[in-house]
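**Student:** Below you will find the structure I want to go over with you.
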Amino acid sequence: MSKIELNKRQEQIVEIVKENGPITGEQIADHLHLTRATLRPDLAILTMAGFLEARPRVGYYYTGKQDTQLLAEELKKLQVKDHQSIPIVVSVNVSVYDAICTMFLEDVGTLFVVDDQTYLVGVLSRKDLLRASLGKQDLTSIPVNIIMTRMPNITTCRQDDLIVDVANALIDKQIDALPVVKDTGNGFEVIGRITKTNMTKILVSFANDV
Numbered sequence: 001m002s003k004i005e006l007n008k009r010q011e012q013i014v015e016i017v018k019e020n021g022p023i024t025g026e027q028i029a030d031h032l033h034l035t036r037a038t039l040r041p042d043l044a045i046l047t048m049a050g051f052l053e054a055r056p057r058v059g060y061y062y063t064g065k066q067d068t069q070l071l072a073e074e075l076k077k078l079q080v081k082d083h084q085s086i087p088i089v090v091s092v093n094v095s096v097y098d099a100i101c102t103m104f105l106e107d108v109g110t111l112f113v114v115d116d117q118t119y120l121v122g123v124l125s126r127k128d129l130l131r132a133s134l135g136k137q138d139l140t141s142i143p144v145n146i147i148m149t150r151m152p153n154i155t156t157c158r159q160d161d162l163i164v165d166v167a168n169a170l171i172d173k174q175i176d177a178l179p180v181v182k183d184t185g186n187g188f189e190v191i192g193r194i195t196k197t198n199m200t201k202i203l204v205s206f207a208n209d210v
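Heads up, the sequence shown is in full-length UniProt numbering, so the first residue is 1 and it goes up one at a time.
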């Protein structure tokens, strides 16, 4: 959400409510020598933006929230479905060599491994592939199911999960990405991914709005 830039009259309304709240719309209009109808759009904007709250038969009062608090509240409302990326998946039967090529070509840090029914069965990270590539083994003959992290040791998220909760999971688990899944009853279908890059983009977008 973009930061609300208040105009002069809206700033005056906020100050009036700060000093006199709770106060009715008619009383605010009297302070400014304007009609209630003239102020209606400004009061609606200030209420929707969180600067003011309105109670029936009581009036408007100042929430006491600063811009940073309002932005933090908006951040806490963000959901995975609005910020997820396209998942990069590989078959459980592919070789480590092919997985490395896929990771390089797709420029990602995490691959999601699916079975023949396209259900999630594993996750491959850069570290997994790096460890497997050390030594003299033939990477074309090693299937990814030998080195991947398997269910149920995979942290997942859903589309309606909060971004803040997913960010905490990334930090707690010290991982780069989570698969966004849908439970089909027979297994998890991978429908997206949330990564540290997604989180960075969200922070940058909020910073640019300030």
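Every residue, glycine too, gets a C-beta built ideally from N, C-alpha and C.
Take G59 and list the residues in its own chain whose beta-carbon comes closer than 8 Å to its own, dropping the five residues that flank it on each side.
**Tutor:** Position 59 of the sequence shown, counted from the start, is the residue given in the question as residue 59. If we look at G59 and ignore the five residues flanking it on each side, its Cβ neighbours are G21, P22, I23, T24, G25, Q27.
**Student:** Sort out for me which residues DSSP pairs K127 with in a bridge.
**Tutor:** Reading the sequence shown from its first residue, position 127 is the one you call residue 127. DSSP lists no partner for K127.
**Student:** When you compare only the Cα positions, how much space is there between K77 and T156?
**Tutor:** Position 77 of the sequence shown, counted from the first residue, corresponds to residue 77. Position 156 of the sequence shown, counted from the first residue, corresponds to residue 156. If you take the alpha carbons of K77 and T156, they lie about 19 Å apart.
**Student:** Ignoring anything shorter than 3 residues, give me the beta strand (DSSP E) runs that lie fully in the UniProt domain "CBS" (83-139), in order along the chain.
**Tutor:** Correct list: 89-91, 110-114, 120-125.
**Student:** For M103, is the classification buried or exposed, using 16 other Cβ atoms within 10 angstroms of its Cβ as the cut-off for buried?
**Tutor:** Here residue 103 corresponds to residue number 103 of the sequence shown, with the count starting at 1. So M103 counts as buried.
**Student:** Mind checking V146: buried by the 16 CB within 10 Å criterion, or exposed?
**Tutor:** Taking the first residue of the sequence shown as position 1, residue 146 is located at position 146. The residue you asked about is not Val; residue 146 is Ile in the sequence shown. Classification of I146: exposed, given that the 10 Å Cβ count is below 16.
**Student:** Hey, out of G192, T197, N198, L75, whose CA is closest to V89's CA?
**Tutor:** For the purposes of this step, residue 89 is identified with residue 89 of the sequence shown, where counting begins at 1. Out of G192, T197, N198, L75, G192 has the C-alpha closest to the C-alpha of V89.
**Student:** Anyone know if the C-beta pair for V80 and V166 falls short of 8 Å?
**Tutor:** For the purposes of this step, residue 80 is taken as the residue at position 80 of the sequence shown. For the purposes of this step, residue 166 is taken as the residue at position 166 of the sequence shown. Contact flag set, yes.
**Student:** Evaluate N198 with the Cβ neighbour count: other Cβ atoms within 10 Å of its Cβ, from every protein chain shown; 16 or more gives buried, anything less gives exposed.
**Tutor:** Here residue 198 refers to the residue found at position 198 of the sequence shown. When all chains shown are included, N198 counts as buried.
**Student:** Identify every run of the beta strand (DSSP E) within the segment 140-202, keeping only runs that are complete inside it and at least 3 residues long; order them along the chain.
**Tutor:** Counting whole runs of 3 or more residues, the segment 140-202 contains the beta strand (DSSP E) stretches 177-183, 188-195.
**Student:** Could you say if the segment 163-177 and the segment 94-103 meet the contact criterion of at least three C-beta pairs nearer than 8 Å?
**Tutor:** Counting Cβ pairs under 8 Å, fewer than three are found: no touch.
**Student:** Do you know whose CA, among A29, V181, V113, N7, lies nearest I16's CA?
**Tutor:** In the sequence shown, residue 16 corresponds to position 16, counting from 1. Cα-wise, what sits closest to I16 is A29.
**Student:** What number of angstroms, rounded off, separates the C-alpha of L120 from the C-alpha of G187?
**Tutor:** In the sequence shown, residue 120 corresponds to position 120, counting from 1. In the sequence shown, residue 187 corresponds to position 187, counting from 1. Each residue's Cα considered, the two are about 7 Å apart.
**Student:** Classify I175: buried if its beta carbon has 16 or more other beta carbons within 10 angstroms, exposed otherwise.
**Tutor:** Your numbering for residue 175 matches position 175 in the sequence shown. That one is buried.
**Student:** How big is the Cα-Cα spacing for A37 and R158?
**Tutor:** One-based indexing of the sequence shown puts residue 37 at position 37. One-based indexing of the sequence shown puts residue 158 at position 158. Cα to Cα, the separation comes out at about 44 Å.
**Student:** Taking the alpha carbon of A49 as the point to measure from, which residue in L34, Q10, D82, Q84 has its own alpha carbon closest?
**Tutor:** Position 49 of the sequence shown, counted from the first residue, corresponds to residue 49. Checking every option, the nearest Cα to that of A49 belongs to Q10.
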